[in-house]
Amino acid sequence: MRLLFFALLCCATLVRAGEVPVAVAANFAAPAKQIAADFEKETGHKATLVSGATGKFYAQIRNGAPFEVLLAADDETAARLEKEGAAVAGTRFTYAIGRLVLWSGRPGLVDDKGEVLRKGDFAHLAIANPKLAPYGAAAVEVLTALKLPDAVQARLVVAENITQAHMFVVTGNAELGFVALSQVLKDGKVAEGSAWIVPANLHQPIRQDAILLDKGRGKPAAEAWLNYLKGDKAKAIIKSFGYEI
Amino acid sequence: MLSSPDLAAIWLTFKLATITTLLLLLIGTPIAWWLARTRSWWKGPVGAVVALPIVLPPTVIGFYLLLIMGPQGFVGRFTEWAGIGLLPFTFGGLLVGSVFYSMPFVVQPIQNAFEAIGERPLEAAATLRASPLDTFFSVALPLAKPGFITATILGFAHTVGEFGVVLMIGGNIPDKTRVVSVLIYDHVEALEYGQAHWLAGGMLAFSFLVLLALYTLTGRKSQ
Amino acid sequence: MSIKAQFRLDYPGFALDVDLDLPGRGVTALFGQSGCGKTTLLRCIAGLERGAGRLEVNGETWQDAGSFMATHRRPLGYVFQDARLFAHLTVRGNLDYGMRRAFRRGPGADSRGFNSIVELLGLGPLQERLPERLSGGEQQRVAIARALLTVPRLLLMDEPLASLDHARKQEILPYLERLRDELDIPLIYVSHAADEVARLADHIVVLEAGRAVAQGPLAETLARIDLPIRLGEDAGAVFAATVAERDAEWHLSRVEFDGGELWVKDSGVPVGRRVRVRILARDVSIANSRHDDVSIMNLLPAVVIAHAGEDHPSAVLVQLRIGATTLLARLTRRSAQRLDLAPGREVWVQIKAVALIG
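Those protein sequence lines, which keep their order, are chains A, B and C.
The first sequence runs 1 to 245 under this note's numbering.
The second sequence runs 246 to 468 under this note's numbering.
The third sequence runs 469 to 826 under this note's numbering.
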């Protein structure tokens with residue numbers, strides 16, 4: 001009797017369209033929203049997106065948050081969750097690779113070779129905290145690779161995350177800063193100011209990994225969402241936002 | 246244990262809170278006096294502006310401070326015109342932010358103290374030949390002393406605990422804008438829980454002692 | 469030498485409108501029930517309230533159409549109903565407060581003046597105390613001394629006894645009387661208590677609803693029966709007299725006044741001393757002939773001047789003259805009619821109680 005009831009319940013969830021709660025890295029919120037719209041149209045499943053800082057998601061997931069999928073801003077968090085058994089082993093994959101851009105709100109300030117860094121015609125250079133944000137770590141690698149004078153080091157202003165670094169530059173308090181290409185890209189090109197898209201060989205790739213969390217194990221909607229993310233339609237959207245894949 | 250960046254941040258925090266509190270006592274006292282005594286229509290709006298930091302999320306305040314102190318903001322234009330340069334990412338900028346952010350915690354206790362004094366002793370002073378300014382210093386200030394003690398302690402403690410605003414306009418620069426609260430946040434985010442515990446524990450102890458002192462002092466007063 | 473005060477002040481539901489000419493010395497009482505505007509008038513005189521009008525104190529203009537002297541520039545002393553001592557200063561500090569400031573602006577009290585005022589108000593042993601450790605009466609004495617030490621040219625007192633209980637009042641009253649006798653500046657004294665006024669004032673202004681309905685010398689004004697304000701139980705006459713004889717056997721004193729003499733309880737006042745006598749209207753009865761077979765000691769011939777209705781329809785107030793002195797008697801209307809008390813009629817008054825005040 002109990003078995004029968006359980007079977008019926010399973011059938012019900014299979015037949016009915018599912019809902020998947022997804023924790024999304026803040027920098028990926030916009031593309032995720034667009035992908036989720038298509039996802040719902042095509043599969044009937046609904047992805048409920050919650051965007052925030054990856055570090056906070058880690059702490060929340062470890063403490064029982066009801067997320068079924070994580071789209072992280074880095075490749076470490078997903079790996080750690082996998083190792084710690086809070087995620088389903090073998091489901092981790094890179095869904096997007098971030099591109100770093102040296103950007104200024106002022107047209108003409110940033111040249112297309114990043115020479116401005118050497119000329120030092122600025123008071124503040126904004127970066128995300130390299131200890132906390134992958135884009136910040138990448139920015140520091142770029143500065144090291146370019147062998148910039150120490151003077152630049154003294155002009156760094158460190159934002160807690162890439163969103164705040166962007167804000168420092170947008171408000172003009174920092175003349176320029178290392179931000180995510182996805183933050184300044186609009187309809188496929190840099191909409192405002194001047195920018196140097198940093199060559200990918202100057203820093204480790206900024207991999208953003210996704211993983212199926214423990215709470216999503218065996219949930220069709222969660223699995224469907226991860227599969228959809230790997231599909232060509234999703235990839236096209238991801239690229240249009242300035243990521244590589 | 247505490248590392249040298251930790252100690253630098255503690256010293257910076259202490260310096261910031263001390264200067265902020267002194268500035269606030271200087272600026273806040275006339276504002277509190279005016280708010281306590283005016284019958285002007287402006288009392289409402291000015292009181293509301295002073296109280297804003299209590300309700301607004303600190304990051305919102307920080308964001309707007311960033312805007313108005315930036316090159317396009319009116320404060321930013323003024324400071325550049327005056328030859329001071331832009332305030333964000335400087336200790337001076339942090340000071341301005343802290344003064345605004347901790348303002349209600351200094352102004353309100355003083356205002357309450359002034360209001361509690363009422364008109365009576367001031368009238369008595371006037372009939373004893375004291376000019377309004379004389380009355381302010383010889384009667385109002387001494388009678389409002391408990392309010393000033395509360396204001397000093399709260400202003401100092403609140404500046405020490407300030408985080409969101411500093412995060413926004415500070416830029417996390419060692420010795421200039423990296424205060425304890427930001428450092429704790431960094432340690433926690435970087436999962437360096439050990440170091441975070443040392444700093445956070447110290448701050449907890451400090452805050453407890455400050456509040457304990459406050460309640461002991463004011464409690465004794467009211468007995 | 470006089471104080472000319474003309475003020476107009478409008479509040480919702482209340483308007484002060486007075487034009488007074490007060491004597492430039494002695495005690496003037498502003499008398500009336502609470503809400504009549506007497507405190508407001510006093511505050512206008514002090515400059516604590518800004519009424520339209522003008523104020524001239526013994527030849528000096530403090531306020532007129534074009535000028536307003538701030539309170540702290542007016543050479544006045546003000547004693548509030550609540551003493552308003554500064555809680556953060558000792559008694560000594562409170563006394564010094566006004567004295568030091570007055571000294572900076574002109575002649576202030578010197579140490580001799582200080583000592584004599586401290587002595588006058590009995591503050592010697594209290595000087596190091598904080599106000600919170602003083603009784604209400606002590607606080608009020610400090611407040612009076614504090615005002616005097618500014619060497620004011622006008623002293624204002626706003627019901628200084630109203631917040632005190634009976635015992636405390638009796639404690640302060642002698643100080644006020646000594647003050648009245650020793651002070652050569654005008655004192656304006658606000659009160660709603662007829663006995664205080666009778667005891668202290670030389671001149672009275674009766675206020676009602678923001679207007680002065682009567683003003684004049686105390687005895688004359690109190691003996692009027694045409695005032696719109698009814699003193700009720702407090703109605704009575706006050707006049708001056710001199711102690712003429714003290715009878716040791718019966719412990720009585722004989723006082724002489726303009727028109728006759730009275731026997732009163734001996735209260736130790738020496739022969740020859742000028743005293744104030746107060747006789748309440750309710751303590752006076754009238755007879756058409758002299759009766760010696762009653763317990764009442766004081767029987768005097770008098771002439772009826774006038775009578776007027778009282779606040780209760782059963783009562784009348786009769787005004788009588790004994791020599792140059794006016795007396796009031798309160799009777800039932802029926803008795804007045806039975807005795808046929810028309811003006812000019814000669815009668816005997818029987819006085820049940822006489823109070824020597826001050």
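Just so it is clear, CB atoms sit at the ideal spot from N, CA and C, and this is done for glycine as well.
Would you identify the three-state DSSP class for residue i, choosing helix, strand or coil?
i	result
Pro250 (chain B)	helix
Met625 (chain C)	strand
Ala709 (chain C)	strand
Pro696 (chain C)	Confidence is the limiting factor: at Pro696 (chain C) the pLDDT is only 49, short of 50, which leaves the residue's position unreliable and the question unanswerable from this model.
His660 (chain C)	coil
Trp278 (chain B)	helix
Ile513 (chain C)	helix
His432 (chain B)	helix
Pro354 (chain B)	helix
Pro366 (chain B)	helix
Ala296 (chain B)	helix
Gln183 (chain A)	helix
Gln683 (chain C)	strand
Ala87 (chain A)	strand
Trp286 (chain B)	coil
Asp633 (chain C)	coil
Gly521 (chain C)	strand
How big is the Cα-Cα spacing for residue i and residue j?
i	j	result
Arg560 (chain C)	Leu373 (chain B)	14 Å
Ala174 (chain A)	Ala200 (chain A)	24 Å
Leu629 (chain C)	Glu606 (chain C)	12 Å
Leu830 (chain C)	Gly736 (chain C)	With chain C represented from 469 up to 826, any question about residue 830 (chain C) goes unanswered, as that position is not in the structure.
His759 (chain C)	Arg744 (chain C)	27 Å
Gly590 (chain C)	Asp734 (chain C)	27 Å
Phe582 (chain C)	Ala375 (chain B)	19 Å
Ala126 (chain A)	Val190 (chain A)	18 Å
Pro642 (chain C)	Gly503 (chain C)	28 Å
Lys235 (chain A)	Val140 (chain A)	28 Å
Ala441 (chain B)	Pro130 (chain A)	18 Å
Leu785 (chain C)	Leu807 (chain C)	14 Å
Lys83 (chain A)	Ala89 (chain A)	8 Å
Ser426 (chain B)	Leu598 (chain C)	45 Å
Val488 (chain B)	Ala53 (chain A)	No answer is possible for residue 488 (chain B): the residues shown for chain B start at 246 and end at 468.
Gly704 (chain C)	Asp670 (chain C)	15 Å
What does DSSP give as the partner residue(s) for residue i in the beta ladder?
i	result
Ile97 (chain A)	A:Arg207, A:Glu244
Gln787 (chain C)	C:Ala774, C:Leu796
Glu729 (chain C)	C:Glu724
Leu176 (chain A)	A:Ser104, A:Leu125
Ser535 (chain C)	C:Asp532
Pro849 (chain C)	Not covered by the structure: residue 849 (chain C). The range shown for chain C is 469 to 826.
Leu49 (chain A)	A:Val22
Thr496 (chain C)	C:Ile656, C:His671
Val762 (chain C)	None, per the DSSP bridge assignment.
Asp715 (chain C)	C:Leu720
Go ahead and label residue i buried or exposed: buried means 16 or more other beta carbons lie within 10 angstroms of its beta carbon, across all protein chains shown.
i	result
Thr539 (chain C)	buried
Ser347 (chain B)	buried
His780 (chain C)	exposed
Gly315 (chain B)	buried
His403 (chain B)	buried
Leu247 (chain B)	exposed
Arg92 (chain A)	buried
Lys637 (chain C)	buried
Ile255 (chain B)	buried
Trp225 (chain A)	buried
Val405 (chain B)	buried
Cys11 (chain A)	Bear in mind that a pLDDT of 43 at Cys11 (chain A), under 50, signals an unreliable position, so the number given afterwards is only what the model happens to contain. When all chains shown are included, Cys11 (chain A) counts as exposed.
Met167 (chain A)	buried
Met625 (chain C)	buried
Gly566 (chain C)	buried
Does the segment 60–67 of chain A come within contact of the segment 113–131 of chain A, defined as at least 3 CB pairs closer than 8 Å? no
Any chance the segment 173–191 of chain A sits against the segment 135–152 of chain A, with 3 or more Cβ pairs inside 8 Å? yes
For the pair the segment 187–200 of chain A and the segment 101–113 of chain A, tell me if three or more CB-CB distances fall below 8 Å. yes
For the segment 791–798 of chain C against the segment 717–729 of chain C, do three or more pairs of beta-carbon atoms, one drawn from each stretch, fall closer than 8 Å, so that the two count as touching? yes
Taking 8 Å as the threshold, find out whether the segment 440–455 of chain B comes into contact with the segment 476–496 of chain C through three or more Cβ pairs. no
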